[in-house]
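Structure first, commentary second.
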Amino acid sequence: MRHFLDMGGYWPFVWPAYAVTFAVMALNIIWARRLLKRSRKEALRRLTIGGTEK
Amino acid sequence: MAWTWFHRLASPPHVYRLSARLTPWLAWPAALLIVAGLIGGLWLAPPDYQQGDGYRIIYVHAPSAWMSLFVYTTMAVAAGIGLIWRMKVAHAVAAASAPVGASFTFAALVTGSLWGKPMWGTYWQWDPRLTSELILLFLYLGYMGLRSAFDDVQRADRASAVLAVVGLVNVPIIHYSVVWWNSLHQAPSLMYLGKPTMPPSMYVPLLIMLVGFTLFYGAVLLVRLRGEVLSRERAASWIREAVRA
Amino acid sequence: MTDSGTMMPPVRPAFDSASDATHPAVTALAAARLVLARDLKLAFRKRSQLVQPLAFFAIVTTLFPLGVSPELSRLRPMAAGVLWAAALLASLLALEMLFRDDAQDGTLEQYALSGGSLTWLLAAKTAAHWLLTGLPLALMAPLAGIALGAPNGAVPGIVVSVAVGTVALSLIGSIGAALTLGIRRSGALLSLLTLPLDIPVLIFGARATELAIGGEAYGVPLQLLAAVAVLGLTLAPLAAAAAVRINLE
């Protein structure tokens, strides 16, 4: 296990590279969900405003 | 008859429902493939005879670099379709793609520079690939900047679509010019895939990662697409059911 | 066709041949020529605006000896890069003005509605822009080049490469300028849109100038530069016209 984590001495480069990539992926998931949630809320708000005006 | 699928693709409620239904079918295979690629790349693949274990950065760098170009192309083609056929959904695809592509371009730059440190001795070298990635990041930033400068979604869609198409025409020229420029000033770098024969235990994980990342883009795109489609529809009757569901 | 502009000197001459443009006798090319003449005439009324990009170019090239070293032997290797970076920025500075006035006073709208080809009219405006900024820059670049240590023999090479390169810069820039028409304080955004697209021009242009300064044959990069300019010539006015229509809607 220690040998694996050491990556032949390249651990200061290999692990940050993986960390950055997976952080980007996680952020993409979070941003996408947040965008959908926000647009839904916004759409609902528009609908209720439209409803009261009618 | 043959065109019905095209018309259905242009219909926002249909696209909204279809995206919701398809998302897990892309997300789960993406997750599985990426985990498999990680195991293959970090564990099963042998160390490189020259770069030792340092080369394993390729399993995140190459897919990120692939994404930066693939997403840009998808974005520009969608934008072009949106311009020509005045298709809202196509514009929504383009809008949903840009942040994904930009973030993976960023990841490609960071991982490339992390790979560069042990191979070149510095974090940054004006290597043609890294330089092209940097310019691509600027193209994404310009596209997103232009889009956000408009208040009106439709105008933002169409103006940024023109930019995306112009950018797509330019990308090969930029890449060619950067490679040409680099060849004048330094010997070509041997860092990437320079080895003619990569054993299958090395390249199979790479292929798995490439497919996994692409499916990941598909899943994120579909979620974002729903958001973008909703924000482009004003008071359409289908929204009520879609949002409640 | 007489000049309408001379009849009302204090006012910006309107493109009053807009009605003529629908007339079959006035072809797209003739209308474009009128626009070109009008833009040149307008520019010469505001001479200070004409001089500004050139002064900017001169100042930027002056910064380098002050910032790096007064020794020509150290400046010479970077002269081409300095010239091109300065030319790029100077042409960018002038771009904001390319469509701005015409968009504000409605001239651009008249062009779009004239029934004539907007593409040709914008190509003419871009040609005027090049004549007013690119060409003067090309003529001025050798002076800056010599000040940075270029030999006299490099003058033709510098003029030709900057002249051809600025054609491409004006064309690429016209797309950016058209896209940012409706945006207030668009300067930074315009640079962000335009500069990445300008990179091939920078690379081929700087290489041609570098070879000219070194006294070598610069045909290859000059041809590549010309190829970019020709591609821009065929595509940029179309894209700019599409962008203008989008912003006028």
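If you're matching them up, the sequences are chains A, B and C in order. Numbering-wise, the first sequence is residues 1 to 54 according to our numbering. Numbering-wise, the second sequence is residues 1001 to 1245 according to our numbering. Numbering-wise, the third sequence is residues 2001 to 2249 according to our numbering. Don't be surprised by glycine CBs; every beta carbon is placed ideally from N, CA and C.
### Task
Could you name the residues that DSSP lists as bridge partners for residue 1052 (chain B)?
As a first step, residue 1052 (chain B) is located in the second sequence; it is residue number 52 there, counting from the start. Beta-bridge partners assigned by DSSP to residue 1052 (chain B): B:1048.
### Query
Taking the alpha-carbon positions, what's the residue 2229 (chain C) to residue 2201 (chain C) distance?
Translated into positions along the third sequence, residue 2229 (chain C) becomes position 229. Translated into positions along the third sequence, residue 2201 (chain C) becomes position 201. Roughly 8 Å separates the two Cα atoms.
### Alpha-carbon to alpha-carbon, residue 2094 (chain C) and residue 1075 (chain B)
Within the second sequence, residue 1075 (chain B) is the residue found at index 75, counting from 1. Within the third sequence, residue 2094 (chain C) is the residue found at index 94, counting from 1. The alpha-carbon atoms of residue 1075 (chain B) and residue 2094 (chain C) are separated by roughly 31 Å.
### Message
Applying the 10 Å Cβ sphere with the 16-neighbour rule, what's the burial state of residue 2255 (chain C)?
### Response
The first residue shown for chain C is 2001 and the last is 2249, placing residue 2255 (chain C) beyond what the model contains.
### Query
residue 1173 (chain B) versus chain C: which residues are under 8 Å apart at the beta carbon?
For the purposes of this step, residue 1173 (chain B) is taken as residue 173 along the second sequence, with counting starting at 1. Ordered by position in chain C, the residues that pass the 8 Å Cβ test against residue 1173 (chain B) are 2200, 2228 and 2231.
### Query
How big is the Cα-Cα spacing for residue 1122 (chain B) and residue 2184 (chain C)?
Translated into the one-based positions of the second sequence, residue 1122 (chain B) becomes position 122. Translated into the one-based positions of the third sequence, residue 2184 (chain C) becomes position 184. Cα-Cα distance, rounded: 41 Å.
### Through-space distance from residue 2176 (chain C) to residue 1026 (chain B), alpha-carbon basis
Taking the first residue of the second sequence as position 1, residue 1026 (chain B) is located at position 26. Taking the first residue of the third sequence as position 1, residue 2176 (chain C) is located at position 176. If you draw a straight line from the Cα of residue 1026 (chain B) to the Cα of residue 2176 (chain C), it comes to about 37 Å.
### Cβ-Cβ separation, residue 2180 (chain C) to residue 2174 (chain C) (assumed contact under 8 Å), whole Å
Residue mapping note: residue 2174 (chain C) aligns to position 174 of the third sequence, counting from 1. Residue mapping note: residue 2180 (chain C) aligns to position 180 of the third sequence, counting from 1. Their Cβ separation, rounded to whole angstroms, is 11 Å, which puts residue 2174 (chain C) and residue 2180 (chain C) out of contact at 8 Å.
### Task
Would you please state the rounded distance, in angstroms, between the beta carbons of residue 1182 (chain B) and residue 1118 (chain B)? I believe it to be under 8 Å.
Walking along the second sequence from the start, residue 1182 (chain B) turns up at place 182. Walking along the second sequence from the start, residue 1118 (chain B) turns up at place 118. Taking C-beta atoms under 8 Å as the contact rule, residue 1182 (chain B) and residue 1118 (chain B) fail to qualify, at a distance of about 21 Å.
### Query
Where do the N-terminal and C-terminal ends of the alpha helix (DSSP H) with residue 2049 (chain C) fall, by residue?
Residue numbering aside, residue 2049 (chain C) sits at position 49 when the third sequence is read from its first letter. 2047 to 2067 is the extent of the alpha helix (DSSP H) around residue 2049 (chain C).
### Query
Looking at C-alpha atoms only, which residue of B:1053, B:1237, B:1044 and B:1156 is the closest neighbour of residue 12 (chain A)?
Here the question's residue 12 (chain A) lines up with position 12 in the first sequence. Sorting B:1053, B:1237, B:1044 and B:1156 by C-alpha distance to the C-alpha of residue 12 (chain A) places B:1053 at the top.
### Message
Do residue 2215 (chain C) and residue 2153 (chain C) have their beta-carbon atoms positioned less than 8 Å apart in this structure?
### Response
As a first step, residue 2153 (chain C) is located in the third sequence; it is residue number 153 there, counting from the start. As a first step, residue 2215 (chain C) is located in the third sequence; it is residue number 215 there, counting from the start. Taking 8 Å as the Cβ cut-off, residue 2153 (chain C) and residue 2215 (chain C) qualify as a contacting pair.
### Rounded Cβ spacing between residue 1079 (chain B) and residue 1096 (chain B) (contact assumed at less than 8 Å)
Taking the second sequence and counting its residues from 1, one reaches residue 1079 (chain B) at position 79. Taking the second sequence and counting its residues from 1, one reaches residue 1096 (chain B) at position 96. About 11 Å separates the two Cβ atoms, so there is no contact after all.
### Task
Could you tell me whether the stretch 2057 to 2066 of chain C touches the stretch 2140 to 2149 of chain C, where touching means 3 or more Cβ pairs closer than 8 Å?
Short answer: they touch.
### Query
alpha helix (DSSP H) containing residue 1119 (chain B): first to last residue?
Working through the second sequence from its first residue, we reach residue 1119 (chain B) at position 119. Element bounds for residue 1119 (chain B): 1088 to 1120.
### Task
Spatial neighbours of residue 1011 (chain B) within its chain, please: CB distance less than 8 Å, with the 5 preceding and 5 following residues excluded, ordered by chain position.
Here the question's residue 1011 (chain B) lines up with position 11 in the second sequence. For residue 1011 (chain B), the CB contacts under 8 Å within the same chain, skipping 5 residues up- and downstream, are 1089 in chain order.
### Query
If the cut is a Cβ gap below 8 Å, which residues of chain A does residue 1115 (chain B) touch?
Translated into the one-based positions of the second sequence, residue 1115 (chain B) becomes position 115. Here the neighbours are 13 and 17.
### Query
So, helix, strand or coil for residue 2170 (chain C), using DSSP?
Numbered from 1 along the third sequence, position 170 holds the residue referred to as residue 2170 (chain C). Helix at residue 2170 (chain C).
### Query
Do three or more CB pairs link the stretch 1052 to 1070 of chain B to the stretch 14 to 25 of chain A at distances below 8 Å?
The stretch 1052 to 1070 of chain B makes contact with the stretch 14 to 25 of chain A, as at least three CB pairs between them are under 8 Å.
### residue 2133 (chain C) classed as buried or exposed, judged by whether at least 16 other C-beta atoms fall within 10 angstroms
Here residue 2133 (chain C) is taken as the residue at index 133 of the third sequence, counted from 1. So residue 2133 (chain C) counts as buried.
### Task
Starting from residue 2203 (chain C), follow the alpha helix (DSSP H) in both directions and report where the run begins and ends.
Sequence index remark: in the third sequence, residue 2203 (chain C) carries index 203 (1-based). Its alpha helix (DSSP H) spans residues 2187 to 2213.
### Query
Under a CB-based cut-off of 8 Å, is residue 1177 (chain B) close to chain C?
Residue mapping note: residue 1177 (chain B) aligns to position 177 of the second sequence, counting from 1. Chain C contact via Cβ: present.
### Query
Going along chain B in order, which residues have a C-beta closer than 7 Å to the C-beta of residue 2072 (chain C)?
Stepping through the third sequence from its first residue, residue 2072 (chain C) is reached at position 72. For the C-beta of residue 2072 (chain C), not a single chain B residue is nearer than 7 Å; the gap to the nearest is close to 22 Å.
### Query
Thinking C-alpha only, which one of C:2036, C:2249, C:2205 and C:2101 is nearest residue 1153 (chain B)?
As a working note, residue 1153 (chain B) is residue 153 in the second sequence. Nearest of C:2036, C:2249, C:2205 and C:2101 to residue 1153 (chain B), Cα basis: C:2249.
### Message
Output needed for residue 1137 (chain B): all residues of its chain with C-beta closer than 7 Å, excluding positions within five of it in sequence on either side, in chain order.
### Response
One-based indexing of the second sequence puts residue 1137 (chain B) at position 137. Same-chain partners within the cutoff: 1102, 1105, 1106 and 1109.
### Task
Could you pull the start and end residues of the alpha helix (DSSP H) that residue 2103 (chain C) belongs to?
What you label residue 2103 (chain C) is simply residue 103 of the third sequence in a count that begins at 1. First-last of the alpha helix (DSSP H) with residue 2103 (chain C): 2079 to 2104.
### Message
For a quick check, are the C-beta atoms of residue 2197 (chain C) and residue 1149 (chain B) less than 8 Å apart?
### Response
Against the third sequence, residue 2197 (chain C) aligns to sequence position 197. Against the second sequence, residue 1149 (chain B) aligns to sequence position 149. Taking the C-beta atoms as reference points, residue 1149 (chain B) is found no nearer than 8 Å to residue 2197 (chain C).
### Query
Within the 8 Å Cβ cut-off, does residue 5 (chain A) reach chain B?
Against the first sequence, residue 5 (chain A) aligns to sequence position 5. Not one chain B Cβ lies under 8 Å of residue 5 (chain A).
### Query
Going by the beta-carbon positions, is the gap between residue 2118 (chain C) and residue 2160 (chain C) smaller than 8 Å?
Here residue 2118 (chain C) corresponds to residue number 118 of the third sequence, with the count starting at 1. Here residue 2160 (chain C) corresponds to residue number 160 of the third sequence, with the count starting at 1. At the C-beta level, residue 2118 (chain C) and residue 2160 (chain C) stay beyond 8 Å of one another.
### Task
Please decide whether residue 1025 (chain B) counts as near chain C, where near means a Cβ-Cβ distance under 8 Å.
Locating residue 1025 (chain B) in the second sequence gives position 25, where the first residue counts as 1. No, its Cβ sits nowhere closer than 8 Å to a Cβ of chain C.
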